[in-house]
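Accompanying notes for the structure given below.
Residue numbers (this note's numbering): 131 to 428.
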């Protein structure tokens, strides 16, 4: 047998899924490590058990996907979140290459809906050199989120993560703000026709989900409401170190998971295993469980 040689890379990271009257293209930006020790408010042994139940490393670090989602709504091409860009190194920042592989040019994108302004969701709007990576797109985020991250005096007592988090949010949005292509909205509004902004705050002060009306079903893109499906679906009270307001993040997650299940919506998550689309079902031992959408022809 001839051994494999050359670069051990994957095929281009995009996947299309038809849901109701919508076709969702998941575009993979890369992967980030998540540590078992970054999860809190549960016995560490229980966290290890939940990870092991899904054949994930019970100790040390596992990799979590960074997914973005592309679809049409109201005659506009919409991208939910924009990945890491150049913020974190070679394991991420593959959005542009994978968009191209999917047959999409950055100039095709009309709107970018940002769930929150952490770098792994927003820094990809910025090209190397500080110019807009998307020459036509309007970038949109919740007013509460923008007010927090773009105001250096806002809420210093809240856990906001590394100091560069604020700086990266400001840098990423600077060219869009300068050209009038950054807009905000309130929860409950439709930033794009057919898409409703949903209050999912807790992980950050203005974290938003986006509920797409796909006709036969709703699709809720939940951003960072869940970082590790193996732990936080069966145990929604488990929080992560980067949650700004841990008690609110827990309550938001429990409420939203119940609502998604009761309504039969499909969920799309940034840090769910690629391509990050599926259903929330009641767990066998309480809580919830993740059921990935099956791969099928579009």
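For glycine and all other residues, C-beta sits at the position ideal for the given N, C-alpha and C.
For residue 183, no beta strand (DSSP E) segment is defined; the enclosing uninterrupted segment is the alpha helix (DSSP H) at 174-183.
Taking the CA atoms as reference points, residue 175 sits about 15 Å from residue 362.
Put simply, of 197, 256, 334 and 238 the residue whose alpha carbon is nearest the alpha carbon of residue 276 is 334. Exclusion of the five residues before and after residue 281 leaves no residue of its chain whose Cβ lies closer than 7 Å to its Cβ. When 246, 233, 197 and 250 are compared, the shortest CA-CA separation from residue 218 is found for 250. Nearest C-alpha to residue 424 among 342, 412, 406 and 415: 406. Beta-bridge annotation (DSSP): residue 197 is paired with 158. Your pair residue 265 and residue 227 does not check out as a contact, with CB atoms roughly 17 Å apart and the cut at 8 Å. The beta carbons of residue 342 and residue 145 sit no closer together than 9 Å. Contact annotation: residue 207 and residue 241 have beta-carbon atoms nearer than 9 Å.
The Cβ atoms of residue 298 and residue 268 lie no closer than 9 Å to each other.
Between residue 166 and residue 183, the beta carbon gap of about 13 Å keeps them out of contact (Cβ cut-off 8 Å). With distances taken between CA atoms, residue 193 lies nearest to 163 out of 388, 308, 177 and 163.
Closest in C-alpha terms to residue 230, from the list 325, 142 and 179, comes 142.
Here DSSP, grouped into helix, strand and coil, assigns residue 167 to helix. Nearest C-alpha to residue 216 among 177, 401, 302 and 370: 302. Cβ-Cβ separation between residue 400 and residue 353: approximately 6 Å, consistent with a contact (criterion under 8 Å). Distances from the alpha-carbon of residue 393 to those of 378, 348 and 428 put 348 closest.
For residue 312, the enclosing beta strand (DSSP E) begins and ends at 312-315. For residue 340, the enclosing beta strand (DSSP E) stretches over residues 338-343. According to DSSP, residue pairing for residue 241 in a beta bridge involves 208 and 268. Put simply, of 374, 213, 355 and 382 the residue whose alpha carbon is nearest the alpha carbon of residue 196 is 213.
Residue 211 places its beta carbon less than 9 Å from that of residue 254. Around residue 346, the same chain offers 150 as residues with beta carbons nearer than 6 Å, after the five sequence neighbours per side are excluded. In the DSSP assignment, no residue is bridged to residue 188.
Linking residue 397 to residue 205 through their CA atoms gives a straight-line distance of about 22 Å. Distance from the CA atom of residue 381 to the CA atom of residue 336, rounded to whole angstroms, is 15 Å.
Here the alpha carbons of residue 156 and residue 198 stand approximately 6 Å from one another.
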